[in-house]
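Using our numbering, the letters of the sequence shown correspond one by one to residues 522 to 890.
Since the structure comes first, as structure tokens, the remarks are kept for the end.
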Amino acid sequence: MSRTAVFDASLSYFLQPLARLLEDPAVTEIMVNGHERVFAERRGRLESVATRFDDEDALLSAIHNLTQYVGRDISPEQPILDARLPSGARVHAIIPPASRVGPCLTIRKFRPDVLSLDDLERLGSLSAEAREFVELCILLRKNIIVSGASGAGKTSLLGALCAVIPADERILLIEDTAELRLRQPHVVALESKSATGGEGLPLRQLFIAALRMRPDRILVGEVRGGEALDMLQAMLSGHSGCLSTVHAATPRDALVRLETLSLMSDVNLPVHVARAQVASAVDLVVQIARFPQDGSRRVTCIAEVGDLDANNQHQIHDLFRVEFEGKSADGKLSAHLETCGRRPGFADEIRQQGLEKLVRKTGALWSAN
């Protein structure tokens, strides 16, 4: 029996109280707050689940079983664990004294399917016009940041956007935890040591390595540290068409967070320089949010990033913005992502790069009139 098979069997035993949730395809996330309280996200909505671990030791045993698989340790001195299950599910655990409610375990499940832009349009996450616009922006090699809160659907949206990248391009994919599955034939996937445990490289070193591997595109699953500066430098040095995600509530917050993360690098960078680099490197921010009213995930804004103004502040121009119209009879939010009527600053590139034939629904956005 292989090591993975042994681990699967032992994990099934220790996580038996969660077995039904782990097998339910509608459940995307499982949250254990101490051994007696379990919550799940099902179809975008949180709900309490009538299951529990026998006692705190039973939950701790399950967490320690995870540490054995990834070659890590968790203890009162090192009370946090990040790991990945063989299925691809992402796991986070935290134990006392860092947690006041007892051991906590969060499992974000690996989707068996990959959402496409067709799916997102059908689900109402973005409109047909917005979908065509972002597709054209990817073909124009614009640097795009997907912004949103935790659980908003950033990675799913990023994966759908990546599917537009032409098949003849060499893609370097860098992730903290492997989640994206690209269908292009020439993808080099790199993963940092944070999820795999044991030996490995931090995200920044992987990014530096990727720059030496002749990438046509660099995709970063999420920037959360000093690697933000490396990504911005790559965008500014000719590696156009980069895509990544960042945790932020608005497009402006996304730019500010990129500034802050850049300052976390080992380069002594003045704030105004970090800000100028963000403004020059990032072309678009696509904002996505989850709405607890009905569990839906929607793109709420697509914004173009302009030059800094006279006061050294970001200029952000909304190109699409969501308009809410209330609720439908079945309790679903009724909304539509509408164009703001503003022409993007790079509109002439559609003609210059010969992509006019692909414009069907967004002609007014690219028109000079």
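For glycine and all other residues, C-beta sits at the position ideal for the given N, C-alpha and C.
Because the structure is a prediction, the values reported are computed rather than measured.
{"Check": "In the DSSP assignment, the alpha helix (DSSP H) including residue 808 goes from what residue to what residue?", "Outcome": "Residue 808 -> not in any alpha helix (DSSP H); beta strand (DSSP E) instead, spanning 805-812."}
{"Check": "Terminal residues of the continuous beta strand (DSSP E) containing residue 858?", "Outcome": "854-860"}
{"Check": "Helix, strand or coil for residue 613, going by three-state DSSP, please let me know.", "Outcome": "strand"}
{"Check": "Would residue 624 and residue 581 be called neighbours here (beta carbons separated by less than 7 Å)?", "Outcome": "yes"}
{"Check": "For residue 554, which beta-bridge partners are listed by DSSP?", "Outcome": "625"}
{"Check": "Tell me whether residue 839 sits in a helix, a strand or coil according to DSSP, three-state version.", "Outcome": "strand"}
{"Check": "Return yes when the Cβ of residue 622 is within less than 7 Å of the Cβ of residue 554, no when it is not.", "Outcome": "yes"}
{"Check": "Tell me the rounded alpha-carbon separation between residue 719 and residue 825.", "Outcome": "Residue placement at residue 719 cannot be trusted, given a pLDDT of 48 that sits under 50; the coordinates are not used to answer."}
{"Check": "Could you tell me the distance, in whole angstroms, from the CA atom of residue 874 to the CA atom of residue 552?", "Outcome": "48 Å"}
{"Check": "Please classify residue 630 as buried or exposed, where buried requires at least 16 neighbouring CB atoms within 10 angstroms.", "Outcome": "buried"}
{"Check": "Does residue 675 pass the burial test, meaning 16 or more other C-beta atoms within 10 Å, or should it be called exposed?", "Outcome": "buried"}
{"Check": "Quick one, which of 711, 610, 606 and 614 has its alpha-carbon nearest residue 596's?", "Outcome": "614"}
{"Check": "Can you name the start and end residues of the beta strand (DSSP E) that residue 560 belongs to?", "Outcome": "559-563"}
{"Check": "If contacts are defined as beta-carbon pairs under 8 Å, then residue 753 and residue 783 qualify, I think. What distance do you get, rounded to the angstrom?", "Outcome": "6 Å"}
{"Check": "Check residue 535 in the structure and name its three-state DSSP category.", "Outcome": "helix"}
{"Check": "Check whether the Cβ atoms of residue 736 and residue 693 lie closer than 7 Å to each other.", "Outcome": "yes"}
{"Check": "Under DSSP, the alpha helix (DSSP H) around residue 777 begins and ends at which residues?", "Outcome": "772-784"}
{"Check": "Suppose the cutoff is 8 Å on Cβ atoms and the five residues either side in sequence are ignored; what does the same chain contact list for residue 880 look like?", "Outcome": "653, 657, 871 and 887"}
{"Check": "If you drop the 5 nearest sequence neighbours on each side, which residues of the same chain put their C-beta closer than 8 Å to that of residue 673?", "Outcome": "809, 810, 811 and 818"}
{"Check": "So, with DSSP's three-state summary, where would you put residue 768?", "Outcome": "strand"}
{"Check": "By DSSP, does residue 710 sit in helix, in strand, or in coil?", "Outcome": "strand"}
{"Check": "For residue 683, which residues does DSSP report across the bridge?", "Outcome": "Looking at the DSSP assignment, residue 683 forms no beta bridge with any residue, so it has no partner."}
{"Check": "According to DSSP, is residue 655 part of a helix, a strand, or is it coil?", "Outcome": "helix"}
{"Check": "So, at 8 Å on beta carbons, what are the nonlocal neighbours of residue 717 in its own chain, with the 5 sequence-adjacent residues on each side left out?", "Outcome": "Confidence is the limiting factor: at residue 717 the pLDDT is only 44, short of 50, which leaves the residue's position unreliable, though a coordinate-based value still follows. Once the five neighbours on either side are set aside, the close Cβ partners of residue 717 are 591 and 605."}
{"Check": "Considering residue 595, what are the terminal residues of the alpha helix (DSSP H) in which it resides?", "Outcome": "Run containing residue 595: none; DSSP gives neither H nor E here."}
{"Check": "May I ask you to report which of helix, strand or coil DSSP gives residue 845?", "Outcome": "strand"}
{"Check": "I believe residue 833 touches residue 761 by the beta-carbon criterion, under 8 Å. Please report the beta-carbon distance rounded to the nearest angstrom.", "Outcome": "So it is not a contact: roughly 25 Å between Cβ atoms."}
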